[in-house]
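Throughout the sequence shown, residue numbering follows the working numbering, covering 2 to 248 in sequence. Beta carbons: idealized from backbone N, C-alpha and C, even for Gly.
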Amino acid sequence: MTATLLWHLRVLAGWLPRGGVRLLVPLAAGFEIANVASRLTAPDGCHSDPPRPYRLGALETAWRNLERAGTPAELRAALTASPWGDPGGDTPWALVTGMRMAAARRTAVAVPPARRWARGRAALLTARERFVYQRSLPEPARRDAARLLGAQAPEAASYQEFRERLPSAAGWVLAEIEEPGALWQAEAHWWRTVQVDGAEMLHNGRCGPRVVVGAVAVLSVDAWRVRAALGSAARGGRPWEVFDALV
Numbered sequence: 002m003t004a005t006l007l008w009h010l011r012v013l014a015g016w017l018p019r020g021g022v023r024l025l026v027p028l029a030a031g032f033e034i035a036n037v038a039s040r041l042t043a044p045d046g047c048h049s050d051p052p053r054p055y056r057l058g059a060l061e062t063a064w065r066n067l068e069r070a071g072t073p074a075e076l077r078a079a080l081t082a083s084p085w086g087d088p089g090g091d092t093p094w095a096l097v098t099g100m101r102m103a104a105a106r107r108t109a110v111a112v113p114p115a116r117r118w119a120r121g122r123a124a125l126l127t128a129r130e131r132f133v134y135q136r137s138l139p140e141p142a143r144r145d146a147a148r149l150l151g152a153q154a155p156e157a158a159s160y161q162e163f164r165e166r167l168p169s170a171a172g173w174v175l176a177e178i179e180e181p182g183a184l185w186q187a188e189a190h191w192w193r194t195v196q197v198d199g200a201e202m203l204h205n206g207r208c209g210p211r212v213v214v215g216a217v218a219v220l221s222v223d224a225w226r227v228r229a230a231l232g233s234a235a236r237g238g239r240p241w242e243v244f245d246a247l248v
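Laid out in structure tokens, this is it:
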């Protein structure tokens with residue numbers, strides 16, 4: 002499903018006027034992150050062959066340079082020299098976490114219609130790292146989080162304090178999530194919000210950036226829902242209330 006989504010985004014990019022692809026590159030950043038993550042050593046030390054990387058075409062940020070990197074240190078150097086920026090470390094966790102937060106930062110800057118989603122995504126990532134995994138963000142990711150969430154929220158000592166310090170532009174994603182163990186519900190809420198906002202952009206917009214961003218949003222949510230359904234089926238199904246929350 003993800004490869005099909007990427008193909009649709011590449012087709013959409015081909016129809017855009019000159020310069021329009023700049024809207025899509027940050028929104029497609031997850032594919033480049035997946036390419037990098039697949040090349041890193043698994044946590045158990047297994048060195049299995051990585052899957053074939055996504056073919057990004059015009060939607061890449063720096064993949065051709067990243068693909069040539071032979072070690073995590075070289076990956077970090079290639080990221081630092083690109084719009085991704087320094088992830089703050091060369092461990093698999095630091096590389097991927099840094100890229101994910103950088104993707105939120107780049108989206109907020111380059112794609113104004115998606116800024117609210119980017120801030121919500123940054124809040125989710127920060128909450129998960131700080132209060133589920135009990136890890137401090139790498140310094141560059143912490144700075145990006147401060148830009149997106151305000152200087153006080155990333156420094157919060159507890160999950161409740163974190164929620165209270167979030168600005169409304171980001172706090173919406175955690176508004177009904179009382180405990181970090183329920184962040185999966187916030188993830189589902191984030192996707193539903195993207196779907197509603199994207200559909201509104203498509204239905205009420207005219208030719209312009211909002212229509213493009215709305216199309217990307219609706220396509221992405223459809224792919225996420227299919228993946229959730231297939232994953233549920235592969236595991237023998239989930240309780241209906243959990244599945245309903247996801248889709």
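Checklist entry - Between the Cα of Glu33 and the Cα atoms of Leu17, Ala63, Pro18, Pro51, which residue gives the shortest distance? => result Ala63
Item to check | Endpoints, alpha helix (DSSP H) assigned at Arg120 | outcome: 116-128
Next on the checklist: Going by DSSP, what residue range makes up the alpha helix (DSSP H) through Trp85?
Outcome noted: Premise fails: Trp85 is in no alpha helix (DSSP H) and is neither H nor E.
Checklist entry - Does the stretch 83-96 come within contact of the stretch 159-173, defined as at least 3 CB pairs closer than 8 Å? => result no
Next on the checklist: Check whether the stretch 51-61 and the stretch 4-12 are in contact - that is, three or more C-beta pairs closer than 8 Å.
Outcome noted: yes
Next on the checklist: Report the start-end ranges of each alpha helix (DSSP H) in the stretch 159-194 that is 4 residues or longer and not cut off at the edges.
Outcome noted: 160-166, 169-172
Checklist entry - Around the Cβ of Val133, are there at least 16 other Cβ atoms within 10 angstroms (buried) or fewer (exposed)? => result exposed
Next on the checklist: Beta-carbon within less than 6 Å of Glu104's beta-carbon, same chain only, minus the 5 sequence neighbours each way: which residues are those?
Outcome noted: Rather than Glu, the amino acid found at residue 104 in this sequence is Ala. Result list for Ala104: Ala30, in chain order.
Next on the checklist: With the cut-off set at 8 Å, would you say Val112 and Pro52 are in Cβ contact?
Outcome noted: no
Item to check | Reference Gly20, options Ala224, Gly209, Val217, closest by Cα | outcome: Gly209
Checklist entry - According to DSSP, is Asp223 helix, strand or coil? => result helix
Checklist entry - Roughly how many angstroms separate the alpha carbons of Ala154 and Val195, rounded to a whole number? => result 23 Å
Checklist entry - Is the beta carbon of Ala171 less than 8 Å from the beta carbon of Ala95? => result no
Checklist entry - Three-state secondary structure (DSSP) at Gly15? => result helix
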